[in-house]
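Here's the structure, in structure tokens; my notes come after.
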Amino acid sequence: KGFPASGPADGKICSGGNGQFAQLDDPRGGNWPATQVTGGQGYSFRWQFTARHSTSDFRYYITKNGWDSTKPLTRAALESQPFMTVPYGNQQPPATLTHQGTIPTQKS
Numbered sequence: 221k222g223f224p225a226s227g228p229a230d231g232k233i234c235s236g237g238n239g240q241f242a243q244l245d246d247p248r249g250g251n252w253p254a255t256q257v258t259g260g261q262g263y264s265f266r267w268q269f270t271a272r273h274s275t276s277d278f279r280y281y282i283t284k285n286g287w288d289s290t291k292p293l294t295r296a297a298l299e300s301q302p303f304m305t306v307p308y309g310n311q312q313p314p315a316t317l318t319h320q321g322t323i324p325t326q327k328s
């Protein structure tokens, strides 16, 4: 909570700093392969929760143009502001949830 000021360390962002999911921090894809998207495209962000908890909001960040996909993800590689925020009022989400959004036009 509190990302980007706090939360998981750089290089451990995708795993949330949880060692059980360290393979998600693998910049070569591992079990978290990149999804090709087009700027301006509508997209369905689907969540499947295994440890549901109260959630204040969902903030969607995207990498800066020119980021190096061969290196672990850092805060410096992300745009400083989320491109989409979905308030959730400290409710517990259902087991699955989908948000509809649009990828920023300058991104691909």
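By the count of our numbering, the sequence shown reaches residue 328 at its end, each step adding exactly one.
Positions of the beta carbon are idealized from the N, C-alpha and C atoms, including for glycine.
Which residue wins for smallest C-alpha separation from residue 224, given the options 280, 325 and 328? For this step, residue 224 is matched to residue 4 along the sequence shown. It is 280 whose Cα lies nearest to the Cα of residue 224.
Tell me whether residue 327, by its Cβ, gets closer than 7 Å to a heavy atom of the ligand ADP. Within the structure as shown, the ligand ADP is missing, as the structure has no ligands at all.
Return the CA-CA distance between residue 257 and residue 310, expressed in angstroms with no decimal places. Position 37 of the sequence shown, counted from the start, is the residue given in the question as residue 257. Position 90 of the sequence shown, counted from the start, is the residue given in the question as residue 310. C-alpha separation (whole angstroms): 30 Å.
Do residue 289 and residue 247 have their C-beta atoms closer together than 8 Å? In the sequence shown, counting from the first residue as 1, residue 289 sits at position 69. In the sequence shown, counting from the first residue as 1, residue 247 sits at position 27. Yes, they are a contact pair.
Can you give me the Cβ contacts of residue 231 inside the same chain, cut-off strictly under 8 Å, excluding the 5 residues immediately before and after it? Against the sequence shown, residue 231 aligns to sequence position 11. Excluding the 5 residues flanking it on each side, residue 231 has same chain C-beta neighbours closer than 8 Å at 245, 292, 293 and 294, in chain order.
Residue 226, buried or exposed, once every other Cβ within 10 Å from all chains shown has been counted against 16: Indexing the sequence shown from 1 puts residue 226 at position 6. Answer is exposed; the Cβ neighbour count stays below 16.
DSSP has residue 281 in a bridge; who is on the other side? For this step, residue 281 is matched to residue 61 along the sequence shown. Beta-bridge pairing links residue 281 to no other residue.
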